[in-house]
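So the sequence lines, in the order shown, correspond to chains A and B. Its first residue numbered 76, the first sequence is counted upward by one per residue in my numbering. Its first residue numbered 38, the second sequence is counted upward by one per residue in my numbering.
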Amino acid sequence: DGGITQSPKYLFRKEGQNVTLSCEQNLNHDAMYWYRQDPGQGLRLIYYSQIVNDFQKGDIAEGYSVSREKKESFPLTVTSAQKNPTAFYLCASSPCAGCEQYFGPGTRLTVT
Amino acid sequence: AQSVSQHNHHVILSEAASLELGCNYSYGGTVNLFWYVQYPGQHLQLLLKYFSGDPLVKGIKGFEAEFIKSKFSFNLRKPSVQWSDTAEYFCAVESGAGSYQLTFGKGTKLSVIP
């Protein structure tokens, strides 16, 4: 089955710890994205990558970092500098600029 | 910066009622427009999209949307909702040719009462 996988589904961390969220796609899409979804806030773009070894900041990149070493993988690290990390994180991919984005099932991160 | 407004936070309808969810955006140039839906416990998925051509676009499950350029609007409609349409609906806009960025509205929760 083609699609996007995110792991784990639920993640718990203590404040002050960095945590890495996994996102893998087998759709052969060039572009990948990370969004944060908070209740009543919609989806806000954290980072996106148009191609391997290249990525750009989105609207709320502070406190996050990414890498894109392989086409199929786009991990997101939530660092201790992120002031309010508890949220639902969605990964997406698309085959081209302006194309439909395909979303993964999400990871719910809770930091206490 | 581009902004997308969805007028209703929560809409409650009885089955068979008609639905219209509003979406307005701020960008004045060429745009690609999307409606996504998130059913309870499921992935966010595409409902319909507009790139060019006929401003009335049809999507899955009987949904349609009309692009009105002069009003910067892309409202979602369905003539008769079903209980299974209960979900959260997001309008999204991709502005500028070759842009990879989508700007999402804050979403509208639709609750359909049997």
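For each residue, glycine too, the CB sits at the ideal point set by N, CA and C. Every value quoted in this text rests on a predicted model; they were computed, and no experiment measured them.
- Distance check between A/Q100 and each of A/T161, A/T185, A/P150 and A/Q92 places A/P150 closest, using alpha-carbon atoms only.
- The three-state reading of DSSP puts A/G115 in coil, since its state is none of H, G, I, E or B.
- In the assembly as shown, A/K158 is an exposed residue. Its beta-carbon has fewer than 16 other beta-carbons within 10 Å.
- Taking C-beta separations shorter than 6 angstroms and ignoring five residues to either side along the sequence, the partners of B/T140 in its chain run Q39, V41 and V130, following chain order.
- For chain B, the residues of the region 152-185 of chain A that bring a beta carbon within less than 9 angstroms of one of its beta carbons are L165, A167, S169, C171, A172, G173, C174, E175, Q176, Y177, F178, G179, P180 and G181, in chain order.
- A residue is called buried once 16 or more other Cβ atoms fall within 10 Å of its Cβ, and B/K106, having fewer, is exposed.
- Residues of the region 115-149 of chain B with a C-beta atom less than 7 angstroms from some C-beta of chain A are F127, E131, G135, S136, Y137, Q138, L139, F141, G142, K143 and G144, listed in chain order.
- Assigned with DSSP and collapsed to three states, B/S89 falls in coil, not helix or strand.
- Only residues of its own chain outside the window of five on either side were considered, and among them V127 have a CB closer than 6 angstroms to the CB of A/K146, listed in chain order.
- Contact residues of the region 93-119 of chain A toward chain B are A106, G115, Q116, G117 and L118 (C-beta to C-beta distance below 7 angstroms).
- The continuous beta strand (DSSP E) containing B/I105 extends over residues E101 to I105.
- Contact check for B/P116 against B/S55 passes: the beta carbons are separated by less than 7 angstroms.
- Under the Cβ distance rule, B/L83 counts among the residues neighbouring chain A, one pair being separated by less than 7 angstroms.
- Between the alpha carbons of A/D129 and A/F178 lies a gap of roughly 20 angstroms.
- Any Cβ of chain A closer than 7 angstroms to the Cβ of B/N61 would place that residue at the interface, and such an atom is absent.
- Distances from the CA of A/Q131 to each of A/T152, A/L118 and A/Y108 were compared; the closest alpha carbon is that of A/Y108.
- DSSP places A/I79 in the uninterrupted beta strand (DSSP E) bounded by I79 to S82.
- Within chain B, Y137 and Q138 have C-beta atoms less than 8 angstroms from the C-beta of A/Y123, given in sequence order.
- Distance from the CA of A/T161 to the CA of B/C128, rounded to the nearest whole angstrom, comes to 24 angstroms.
- Distance from the CA of B/A102 to the CA of A/N93, rounded to the nearest whole angstrom, comes to 42 angstroms.
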